[in-house]
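S.K.: Chains as they are written, first to last, in the working numbering: chain E, 1 to 91; chain B, 1001 to 1287.
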């Protein structure tokens, strides 16, 4: 389970390509892929190894001018899913 | 006999154990690919017989493939097919107990050292990997799919293992099946062409067809075609592109090539059940 103070980083081997308004993320070591919407893609991009999960949620909340609680829920869900698929690592 | 390793009892592997096994050369080619393989006769003769009709097109420059029997390696414990290709620095390696293979896209050459107990099927798999790398380097792609020719057009049925590729091929009789598992996609003047390969089961003598559509198989009670988002299709198609998706080096180009193909060839989710009615739906929409 992720904590808000966790610092996240994208897996070094993943390969991405924007297509059709979504982000295709391929995980070559697992032979798998995930397709992310704009929010998921932004979570991935902000996970640069320097930001905590809370900082990512704060950034998204400001960018989308959205309800903080709603954004936190979305970010946590996306981040958890990406960690489970191996696209994000906890530092 | 080594009962722990049944592969040791294979009589076909006897010749490469000799100090100087007789070497022969075998040429293999599909579309714009060409491999010239030299190695022990005991490994290559069965492939020469099985794939005799798959000659390179005249004028196609081959990659040199060298096979070496090396008794200093440990005896194989499993088919080479079980090994996963790794891609790094322009080189694809295929390594397992008893096997050390390397394919260099930069040099345009490949080499496999294998224990003498390796079997022709192992060599065939290595050549398949080499062909995948060469095809990609020359603008094509191997693709895990059932390639079926219907009304002179090629239809590629793809999906995860167990999605129904073999079933689709079965219920398409007597239409030709280029291959029920692996085809070669190659750019053509007006789109893409789908070529047969010798790496799986086939039906009929057809060798190539213009690629009309990509169909992602979905087992269902109803039969219908549904639009498939390009992003989702891209992910699935890359996952069904053997060898090339094994490392980060070639993946961006693989994604770009699939995206280019999808701009020329439509992709659908084909919901189907275990009968031939899916062709009625395909004919109505795409025929």
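Ideal Cβ positions, reconstructed from N, Cα and C, are used throughout, including at glycine.
Quick one: residues in its chain with C-beta nearer than 7 Å to the C-beta of residue 1210/B, no 5 flanking neighbours on either side, listed in chain order?
M.R.: Answer for residue 1210/B: 1153, 1154, 1188, 1191 and 1193, listed in chain order.
S.K.: List the whole-angstrom C-beta distance separating residue 1080/B from residue 1126/B, where the pair is believed to meet the contact cut-off of C-beta under 8 Å.
M.R.: So it is a contact: roughly 6 Å between Cβ atoms.
S.K.: Go to residue 21/E, then tell me how far its beta strand (DSSP E) extends in each direction, as first and last residue.
M.R.: Per DSSP, residue 21/E belongs to no beta strand (DSSP E) and is neither H nor E.
S.K.: Return the bridge partner residues of residue 1231/B from the DSSP annotation.
M.R.: Answer is none; residue 1231/B lacks a bridge partner.
S.K.: State the Cα-Cα distance for the pair residue 20/E and residue 1266/B, rounded to the nearest angstrom.
M.R.: Approximately 14 Å between the Cα atoms of the pair.
S.K.: Listed from N- to C-terminal order along the chain, which residues in the stretch 1230-1244 of chain B have their beta-carbon within a distance smaller than 8 Å of any beta-carbon of chain E?
M.R.: The residues in question are 1230, 1231, 1232, 1234, 1235, 1236, 1238 and 1239.
S.K.: For chain E, check one thing: does any of its Cβ atoms lie closer than 8 Å to the Cβ of residue 1006/B?
M.R.: Caution is warranted here: a pLDDT of 42 is assigned to residue 1006/B, below 50, making its placement in the model unreliable, and no coordinate value can be reported.
S.K.: Using the Cβ count rule (16 or more neighbours within 10 Å means buried), how would you classify residue 44/E?
M.R.: Buried is the call here.
S.K.: For residue 1045/B and residue 1116/B, I'd like the C-alpha separation in whole angstroms.
M.R.: Straight-line Cα distance between these residues: approximately 15 Å.
S.K.: At what residue ranges does the stretch 1170-1253 of chain B contain a whole run of the alpha helix (DSSP H), taking only runs of 4 or more?
M.R.: 1230-1239, all fully within the stretch 1170-1253 of chain B.
S.K.: Would the beta-carbon of residue 1113/B fall within 8 Å of that of residue 1068/B?
M.R.: Taking 8 Å as the Cβ cut-off, residue 1113/B and residue 1068/B qualify as a contacting pair.
S.K.: Which whole-angstrom value is the C-beta distance of residue 1157/B and residue 1148/B, which I expect to be below 8 Å?
M.R.: Yes, they are in contact, since the Cβ atoms of residue 1157/B and residue 1148/B sit about 7 Å apart, within 8 Å.
S.K.: Pull up the distance between the alpha-carbon of residue 84/E and that of residue 1204/B, whole angstroms please.
M.R.: Approximately 45 Å, taken between the alpha carbons.
S.K.: I'd like to know whether the C-beta atoms of residue 1243/B and residue 1110/B end up nearer to each other than 8 Å.
M.R.: It is not a contact, given that the beta carbons lie outside the stated cut-off.
S.K.: Cβ of residue 1159/B less than 8 Å from any chain E Cβ?
M.R.: False, the Cβ-Cβ gap to chain E never drops below 8 Å.
S.K.: At a CB distance below 7 Å, what residues from the stretch 1249-1264 of chain B approach chain E? Give them in sequence order.
M.R.: From the stretch 1249-1264 of chain B, only 1251, 1252, 1255 and 1259 have a Cβ closer than 7 Å to chain E.
S.K.: Report buried or exposed for residue 1141/B, applying the criterion of at least 16 other Cβ atoms within 10 angstroms of its Cβ.
M.R.: When all chains shown are included, residue 1141/B counts as buried.
S.K.: List, in order along the chain, the chain B residues whose C-beta lies closer than 8 Å to that of residue 17/E?
M.R.: The answer, in chain order, is 1234, 1252, 1255, 1256 and 1259.
S.K.: At a Cβ threshold of 8 Å, is residue 1247/B touching chain E?
M.R.: True, the Cβ-Cβ gap to chain E drops below 8 Å.
S.K.: Consider the Cβ of residue 43/E: report whether some Cβ of chain B lies at a distance smaller than 8 Å.
M.R.: So, not an interface residue.
S.K.: Against residue 33/E, what residues of chain B qualify as contacts under a CB-to-CB distance less than 7 Å, listed in chain order?
M.R.: Within chain B, the residues near residue 33/E are 1235, 1238 and 1239.
S.K.: Is it true that the CB of residue 1061/B sits closer than 8 Å to the CB of residue 1034/B?
M.R.: Yes. Within cutoff.
S.K.: Check the Cβ of residue 13/E against every Cβ in chain B and list those closer than 7 Å, keeping chain order.
M.R.: Here the neighbours are 1248.
S.K.: With residue 1092/B and residue 1065/B assumed to form a contact (beta carbons below 8 Å), what rounded beta-carbon distance in angstroms separates them?
M.R.: No, residue 1092/B and residue 1065/B are not in contact; Cβ-Cβ is about 13 Å, not under 8 Å.
S.K.: Nearest-angstrom Cα distance between residue 1145/B and residue 52/E?
M.R.: Approximately 43 Å between the Cα atoms of the pair.
S.K.: State the DSSP-derived secondary structure class of residue 61/E, mapped to helix, strand or coil.
M.R.: Looking at residue 61/E - three-state DSSP - the assignment turns out to be helix.
S.K.: So residue 1251/B and residue 28/E are supposed to be a Cβ contact under 8 Å. How far apart are they, rounded?
M.R.: 6 Å between Cβ atoms; contact.
S.K.: Work out the CA separation of residue 1257/B and residue 1040/B for me, nearest whole Å.
M.R.: The alpha-carbon atoms of residue 1040/B and residue 1257/B are separated by roughly 37 Å.
S.K.: Sort out for me which residues DSSP pairs residue 1025/B with in a bridge.
M.R.: Residue 1025/B pairs with 1038/B.
S.K.: Write down the C-beta distance between residue 1272/B and residue 1164/B rounded to the nearest angstrom, noting that I regard them as a contact closer than 8 Å.
M.R.: That belief holds up - the Cβ atoms of residue 1272/B and residue 1164/B are roughly 7 Å apart, short of 8 Å.
S.K.: Check each candidate in 50/E, 68/E and 49/E and name the one with the smallest Cα separation from residue 58/E.
M.R.: The candidate whose alpha carbon is nearest that of residue 58/E is 68/E.
S.K.: Counting C-beta neighbours from all protein chains within 10 Å, is the total for residue 1270/B 16 or more, i.e. buried, or is it exposed?
M.R.: Per the 10 Å Cβ criterion, buried.
S.K.: Secondary structure at residue 1053/B, three-state DSSP: helix, strand or coil?
M.R.: Reduced to three states, the DSSP call for residue 1053/B is coil.
S.K.: Within the same chain, show all residues whose beta-carbon is closer than 7 Å to that of residue 72/E, passing over the 5 residues directly before and after it, in chain order.
M.R.: Here the set comprises 57.
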